[in-house]
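Before any comments, here is the structure.
Residue numbers (the numbering used here): 43 to 500.
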């Protein structure tokens, strides 16, 4: 507590202000170090309300975990670790006649010396402290009635079952759900997702996980860095240097060698709307559309398009969303690029959301300022997974790589600066667009603007 009554949380060099707090509430909050029962601040007293506000603020910053223990047993049955800021433990209501089953996206794995239960759909992971829970989970791989489950296993914790149901790790089936297999996850769009693809999407992006991401150098103390150039194979060598020339033989070859990642933008002379229009026309505009029957008997007719870059199966599943901070002739805001109509369509987004996007991009690039235009490359996942199994997400990432190179070359050719960004926040994008993260969300980003000219030597 500070002298003015405000409470500050210190995380290394990072400070989080939580607002004012009374001495009594501060004393009660001190029990958070060992565990504060939710029921202890569920009342209507001024003290309970104050503690409730404090605890929810801590939760929004990801600073809480939740312990589930058995009466008379100090051992934790489960510890819940939130993966999204909005998570708050809720127990779904269950009756003996209800039927539940594990989601096909749920998985149990070893993490250090612990077992954790996770799902890319869940807002939290569950750290398992009681080995008997594993047997219950195994039983729930098939649909089970709660009443029967309770009779068969006296150790079944219905509080935990309710928490897992609320987190979508368990599903409640109705009479129409059959055996609860692939088609019955409660969302038709999930039919198109393979397990490993959805895990890969959520674990390689921000927004639905609490793990460290990006350049953490996690193994620097255990493994030396690999050399920049691989050692030659031991064998007969054919020297190609005698066939090369010092200068590029074409404008394209020259363009490839001039490509650079530009992170510092000239905000006094920002990119213009005309330049942005030309950039999008060069790189992403629909050039033509056509139809063809699916390559199997009785398959439906499928529509296709042609664009300036190649795409797996001509799916062209990638969509562009532009967060504009500084573009001459274009208002600050979020836009979708209509590649068919070659037009920008404004999307309502708050100033705070736009600031969060540009700040995160600035941090990810290790740049001195935000990008003038942040291009989010999103995927309509169903467009490509309708055809491809097991390799769908892999193909999407390959297409992203192709598009990023196309962006780099176009920016270089136009005298603009650009930089690929390896991290994107799928949860923030979902809030801004109101699109479910498994329906359409970012798989890559590119910062575009007018690069600062290097200072001349004096």
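Note that the Cβ used here is the ideal one computed from N, Cα and C, for glycine as well. Because the structure is a prediction, the values reported are computed rather than measured.
Q. Along the chain, where does the alpha helix (DSSP H) that runs through residue 378 open and close?
A. Note, residue 378: premise wrong, no alpha helix (DSSP H); beta strand (DSSP E) at 375–380.
(Q) Can you look up residue 372 in the DSSP assignment and give me helix, strand or coil? (A) strand
Q) What are the residues that DSSP puts in a beta bridge with residue 463? A) 487
Q) In chain order, what residues of the same chain have a beta carbon less than 8 Å from the beta carbon of residue 48, not counting five sequence neighbours either side? A) 59, 60, 61, 62, 63
Q | residue 426 classed as buried or exposed, judged by whether at least 16 other C-beta atoms fall within 10 angstroms | A | buried
Q) Using the C-alpha atoms, what's the distance from residue 484 back to residue 179? A) 33 Å
Q) By a C-beta neighbour count over all protein chains shown, 10 Å radius and 16 as the cutoff for buried, is residue 155 buried or exposed? A) exposed
(Q) So, at 7 Å on beta carbons, what are the nonlocal neighbours of residue 407 in its own chain, with the 5 sequence-adjacent residues on each side left out? (A) 305, 461, 463, 489
**Q.** Sub-8 Å separation of residue 201 and residue 134 beta-carbons
**A.** no
Q: Just the C-alpha distance for residue 97 and residue 111, rounded to the nearest angstrom, thanks.
A: 20 Å
Q) Apart from the five residues just before and just after residue 389, which ones in its own chain have a Cβ nearer than 8 Å to its Cβ? A) 363, 375, 376, 377, 378, 474, 475
Q | Proximal residues to residue 186 (C-beta, below 8 Å), its chain only, five neighbours per side dropped | A | 141, 142, 143
Q: For residue 402, I'd like the list of residues in its chain whose CB is within less than 7 Å of its CB, leaving aside the five on either flank, ordered along the chain.
A: 467
Q) For residue 330, which beta-bridge partners are listed by DSSP? A) 348
**Q.** Reduced DSSP secondary structure (H/G/I, E/B, other) of residue 394
**A.** helix
Q: Can you give me the Cβ contacts of residue 46 inside the same chain, cut-off strictly under 8 Å, excluding the 5 residues immediately before and after it?
A: 62
Q | Where residue 238 falls: helix, strand or coil (DSSP) | A | helix
Q: Put residue 419 into one of helix, strand or coil per three-state DSSP.
A: strand
Q) Can you name the start and end residues of the beta strand (DSSP E) that residue 283 belongs to? A) Taken as a continuous stretch (DSSP letters only), residue 283 belongs to no beta strand (DSSP E), as it is neither H nor E.
Q: Could you tell me the boundaries of the beta strand (DSSP E) in which residue 141 lies?
A: 141–144
Q: Go ahead and label residue 249 buried or exposed: buried means 16 or more other beta carbons lie within 10 angstroms of its beta carbon, across all protein chains shown.
A: buried
Q. Nearest-angstrom Cα distance between residue 326 and residue 492?
A. 20 Å
Q. Are the beta-carbon atoms of residue 307 and residue 414 separated by less than 8 Å?
A. yes
Q: Please name the residue, chosen from 172, 258, 453, that lies closest to residue 298 on a Cα-to-Cα basis.
A: 453
Q: Determine the DSSP secondary structure at residue 360, reduced to helix, strand or coil.
A: strand
Q: Compute the beta-carbon to beta-carbon distance between residue 212 and residue 206, rounded to the nearest angstrom, for a pair I have assumed lies under 8 Å.
A: 4 Å
Q | Per DSSP, the bridge partner or partners of residue 48 | A | 62
Q.
For residue 253, count the other beta carbons within 10 Å of its own beta carbon; 16 or more makes it buried, fewer makes it exposed. Which is it?
A. exposed
Q) Which residue from 323, 289, 371, 106 puts its Cα closest to that of residue 125? A) 106
Q: Starting from residue 153, trace the beta strand (DSSP E) both ways and give me its first and last residue.
A: 149–153
Q. Residue 450 by DSSP, collapsed to three states: which one?
A. helix
(Q) Do residue 147 and residue 169 count as a contact pair if the criterion is CB distance below 8 Å? (A) no
**Q.** Length at least 4, wholly inside the region 177–216: the alpha helix (DSSP H) runs in chain order
**A.** 188–194, 200–208
Q: Compute the Euclidean distance between the alpha carbons of residue 349 and residue 449, then round it to the nearest angstrom.
A: 13 Å
Q: Could you tell me the distance, in whole angstroms, from the CA atom of residue 190 to the CA atom of residue 138?
A: 8 Å
Q.
What does the alpha-carbon distance come out to for the pair residue 80 and residue 161?
A. 25 Å
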